[in-house]
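Listed in order, the protein sequences are those of chains A and B.
If you read the first sequence in the numbering used here, its first letter stands for residue 981, the second for the next number, and so on.
If you read the second sequence in the numbering used here, its first letter stands for residue 1489, the second for the next number, and so on.
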Amino acid sequence: MSETVAIGTPRPRAPRPEELDLKFSESAVAELDALKTHYPDLKSCILPGLWIAQREYGGWLPPEAIAEVAFRLNRSFAEVEGVATFYTMYNTAHKPGRHMIEVCTCLSCHVCGAYRIVDYLEEKLGVKLGETTPDGMFTIHEVECLDACDRAPVLQIGDQYVGPVTSEMVDKILDDLRKVETPSAVQLSDAVVKVHLRDGDK
Amino acid sequence: MAVDEGHRTVSVTINGIEIEVPQGELIVESVKRLGLEIPVFCYHPRMKPVGMCRMCLVEIGFKQPDGSVRMMPKPQAGCTLPASEGMVVLTDSESVHRDRKGVLEFLLVNHPLDCPVCDRGGECPLQNNTLAYGPSTSRFIDLKRHLPKAYPLSQYVMLDLERCIQCGRCVRFTEEISGEHELAFRFRGASMQPSTFQLLDFESKFSGNVIEICPVGALTSAQYRFRARPWDLQTTPAVCTACSNGCNVWFDHRAGRFVRINGRINEGVNEEWTCDKGKFGHDYYNSTDRLRTPLVRKGDQFVEATWAEAYEEIVKGLESAGKDVAGLCGTRIANEGLFLFNRLFKQVLGSRSVDHRWTRTLGTSRVQTPIAGIEGKKGVLVFGSNPAEDLPIVFLRLRKAATRNGTQVTVVTPDVTEADAFATVASRIGQGDVLKVAQEIVDGQSELARKVADCLKEDGAIVTSDRVRNLPGGGEALRLLEDLAARCGAEFNCYPTGPNAMGAELLGVLPGDGGLDTWGILQGCCSGTIKALWLLDCDPTTVEGGDQALESAEFLVYQGVTRSEATAFANVVLPMAAPAEQDGTWTNCERRLQRMTQAIAAPGDSKPAWRIFSEVILRLQPSTPFFNPREIMKAIADADPRFLPGASDLPEEGAILSATTQAAMAGDGA
Chain A
981 MSETVAIGTP RPRAPRPEEL DLKFSESAVA ELDALKTHYP DLKSCILPGL WIAQREYGGW
1041 LPPEAIAEVA FRLNRSFAEV EGVATFYTMY NTAHKPGRHM IEVCTCLSCH VCGAYRIVDY
1101 LEEKLGVKLG ETTPDGMFTI HEVECLDACD RAPVLQIGDQ YVGPVTSEMV DKILDDLRKV
1161 ETPSAVQLSD AVVKVHLRDG DK
Chain B
1489 MAVDEGHRTV SVTINGIEIE VPQGELIVES VKRLGLEIPV FCYHPRMKPV GMCRMCLVEI
1549 GFKQPDGSVR MMPKPQAGCT LPASEGMVVL TDSESVHRDR KGVLEFLLVN HPLDCPVCDR
1609 GGECPLQNNT LAYGPSTSRF IDLKRHLPKA YPLSQYVMLD LERCIQCGRC VRFTEEISGE
1669 HELAFRFRGA SMQPSTFQLL DFESKFSGNV IEICPVGALT SAQYRFRARP WDLQTTPAVC
1729 TACSNGCNVW FDHRAGRFVR INGRINEGVN EEWTCDKGKF GHDYYNSTDR LRTPLVRKGD
1789 QFVEATWAEA YEEIVKGLES AGKDVAGLCG TRIANEGLFL FNRLFKQVLG SRSVDHRWTR
1849 TLGTSRVQTP IAGIEGKKGV LVFGSNPAED LPIVFLRLRK AATRNGTQVT VVTPDVTEAD
1909 AFATVASRIG QGDVLKVAQE IVDGQSELAR KVADCLKEDG AIVTSDRVRN LPGGGEALRL
1969 LEDLAARCGA EFNCYPTGPN AMGAELLGVL PGDGGLDTWG ILQGCCSGTI KALWLLDCDP
2029 TTVEGGDQAL ESAEFLVYQG VTRSEATAFA NVVLPMAAPA EQDGTWTNCE RRLQRMTQAI
2089 AAPGDSKPAW RIFSEVILRL QPSTPFFNPR EIMKAIADAD PRFLPGASDL PEEGAILSAT
2149 TQAAMAGDGA
């Protein structure tokens, strides 16, 4: 982004609708169509749309995914990108590892030793917070309060909360996760989409 | 600002002074009635308030039944607060000043103090507000945030993210005014950044406006960057001559050279916006292709000549051609020049062959709705031409009408347009089908026709431009639609697109009885019936058969601001002053006559068009010449009462001329 560009040089432009490589599966399109009917304005459908996209694009939102949601909801690319980059649960920066382990480090968890868990995870996986292991298996994140202080220190993996966790439990969790094929971000996204679809039908 | 009758007013006490203001008026506007000011960054009168920057914090209280005043415990944002009965506002209290100081200190935490090299320095609201209300020292010793600087968002707009104070004016402009929503805030909190999708090209046709409304130097103009300091600039009110909309602009110049264009407020025309064509398309002023001295052909090459020599050559050439002379002109010429051009051919040389039109089929324009009037229409049919491209300011009005007033817009054009986004119906015309589609609409049988009829049934208008005449069957299609408009009581507008095309038409720069039109003149040159041709700032080589015609013409005068392809064919080349280098009046597409005064001197020996014609006429027909544009405008008004407003002092916002001579006579009680 620090490139020098001569003044007046034409810049690369955003793709035109017909140039988009649409990746939504038929069932995803059907889900989005169902969700569209839940809101008076398609603007409101951006959040569930992005969840569907995050699932369809393998657990993250590359620019193409944002463009596809914008196209399908008739919003501008920039608007949808603004929404996607605002919320931390959409992975826009890069594709996370197959499993995302999110450690709550807010007050209760902190007091109950969340940072011991963080240190242990970092040591065990050989990566720092926010990084992905070289084999692409795990990404670890620090998150704000997960509203599960009763289980402090708590981890979120996909749509599951695990806690209170200890170092020994971490070993087992990691071993178990290696056997799970579905990326946790995909699983989480799918779960959220299901909630949106269900609540809309009420 | 005037208090509308019929609107409820409320009484508000501002700094101890009680005034009546319309109910619901924002406090930030109400205080202006008393000549007070609330400093703002994110608030813009033409956009919805958001209360993002907190600069406008004021103390608010309410009068209680017992007469006491109960102040709210915390300051309120004046830009989002509607006036209500009994409201007490303090804009100058100690706590308000403390709040402002705090807000500015916060904004300056991350704002780089690179004012000495910032284009905005000197005309920067953040600088001004800091000077007036800010802290004189900073308590922050930490590192400031570092983000990309000088990122080219488009070929016109540079983005400096460090300077951004996240007011959202640019984002809201693209959302509310131009409508593409091409800018949005990415990320959040302190890292929030206005940006296009993936920082790709900012393609809006109105992108230049965000530079002007940015309250800091975060968005700067690639063209103006580092060219001047604002206090070194002289500015002159001017009229944009990029298209027929005639936007009011500030023409900024430094040491006699054009530097930049900024929007100037005219509620009837452009409000305060400009389009990119107008803001960035005036490079011909400083072009190296500018003509500076008259040139006379000697054999194979041009020789620099004095005006006297050039005139001598012209008189010789014109006299030897007798009545077989013709004139073709462009439309970036002021009324005065066009009037004398017309007079030279029709009265002095006795030719009837002059024309200013360059569309494939020729016709005259018809305009019934003034630009501002579009806002009040219930339904508008856009036919055949893309308003964002051909009539940018008409497009902004149309968008405002559709999005704020619920005007029903039907778009029927060959290509995708920006207006599709807010149109209720957007239909495409297949290639070569313009006439067919127009016939279909007029016949009223098809579904499209029914939708159009529905759109125009009450207080409707048709918006189209002379560009439609370039399409096969376009002229006939416009005639059909004009009839349709008359039948269903809608207003018909075929706006001309050339800068002063409306002026040329009103002044009758059109072929007289038996005279040749543009295409006839070009053919005449080829067949030899036209012996001498005068090109006034136009280039026929860009149209079919133009090269041939210019080659065949025995005697060719080229008069222009810059060199063009046509210059090479000329016998005599005359350098002409550009629009802001002369006094003159211009007629925009809604027949608004606006005066422009000379801002800078014309380069070299260039002369304004009117002076050139005045001097040529003098040499052909001994008479008292016109000495200045005002005299010419008087003569124009004498010949055509429609132009009477131009003969006296025109109001600043210009005056809309009557469509017909009779109306003008009646209007003046003559």
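Cβ atoms here follow ideal geometry from the backbone N, Cα and C, with glycine treated the same way.
Apart from the 5 residues on each side of it in sequence, A:N1054 sits with its Cβ closer than 8 Å to the Cβ of L1022 in its chain, given in chain order. In this structure, A:Q1136 lies near A:E1082, with their beta-carbon atoms less than 9 Å apart. By the neighbour-count criterion, in which 16 or more other beta carbons inside 10 Å mark a residue as buried, B:H1495 falls on the exposed side.
Approximately 6 Å separates the beta-carbon atoms of B:N2076 and B:S1732; this is inside 8 Å, confirming the contact. Short of 6 Å from the beta carbon of B:L1635, and not among the five residues preceding or following it, lie these beta carbons of its own chain, in chain order: L1649, E1650. In the displayed model, B:F1829 falls within a helix according to three-state DSSP. Within the segment 1893-1962 of chain B, the runs of beta strand (DSSP E) that reach at least 3 residues and sit entirely inside it are, in chain order, 1896-1901, 1913-1916, 1948-1953.
Secondary structure at B:M1990: helix, using DSSP grouped into helix, strand and coil. Nearest CB-CB separation between B:F1675 and chain A: below the 9 Å threshold.
Every alpha helix (DSSP H) stretch that sits fully inside the segment 2001-2048 of chain B and reaches 4 residues is listed by chain position as 2006-2015, 2034-2040. Looking at B:M1559, B:M1543, B:V1698, B:E1792, the one whose alpha-carbon comes closest to that of B:M1646 is B:V1698. At the C-beta level, B:L1592 and B:P1623 come within 9 Å of one another. Residue-level contact check: B:F1694 does not touch chain A, since none of the beta carbons of chain A fall below 9 Å from its beta carbon.
Annotation for B:S1709: I1699 place their beta carbon closer than 6 Å to its own, counting only its chain and skipping 5 residues before and after. Per DSSP, the unbroken alpha helix (DSSP H) holding B:T1618 starts and ends at 1613-1621. B:R2107 sits close to B:V1803, with the two beta carbons spaced by under 9 Å. Each residue's CA atom was taken as its position, placing B:A2089 and B:E1824 some 18 Å apart. Of B:G1805, B:T1762, B:K1866, the smallest CA-CA separation from B:I1665 is found for B:T1762. Judged by DSSP in its simplified three-state form, B:R2080 adopts strand.
A direct Cα-Cα distance of roughly 26 Å separates B:P1880 from A:F1051. With at least 16 other beta carbons inside 10 angstroms of its own, B:P1999 counts as buried. With a threshold of 16 other beta carbon atoms within 10 Å, B:G2012 meets it and is buried. Spanning the alpha carbons of B:R2130 and B:M1990 requires a straight line of approximately 13 Å. Remark: three or more beta-carbon pairs, one from each stretch, lie closer than 8 Å, so the segment 2041-2059 of chain B and the segment 2015-2028 of chain B are flagged as touching. If you compare the alpha carbons of B:G1590, B:D1602, B:A1909 with that of B:N1617, the shortest gap goes to B:G1590. Using a CB distance cut-off of 9 Å, B:L1671 counts as an interface residue toward chain A. Inter-residue distance for A:V1060 and A:I1032 is about 13 Å (C-alpha atoms, whole angstroms). At a Cβ-Cβ threshold of 9 Å, B:F1768 and B:A2087 do not count as neighbours. DSSP places B:M1575 inside the beta strand (DSSP E), whose first and last residues are 1575-1578. C-alpha of B:T1776 to C-alpha of B:R1715: approximately 18 Å in a straight line. Taken through DSSP and simplified to helix, strand or coil, A:M1069 comes out as coil.
Of the residues B:G2072, B:V1757, B:R1745, B:R1752, the one whose Cα lies closest to the Cα of B:Y1773 is B:R1745.
With fewer than 16 other Cβ atoms inside 10 Å of its own Cβ, B:M1560 counts as exposed. According to the DSSP assignment, B:R1748 belongs to the beta strand (DSSP E) that extends over 1745-1751.
Rounded to whole angstroms, the gap between the alpha carbons of B:M1680 and B:P1600 is 16 Å. Of all residues in the segment 1623-1648 of chain B, the ones placed with a Cβ closer than 7 Å to any Cβ belonging to chain A are P1636, Y1639, P1640, S1642, Q1643, in chain order.
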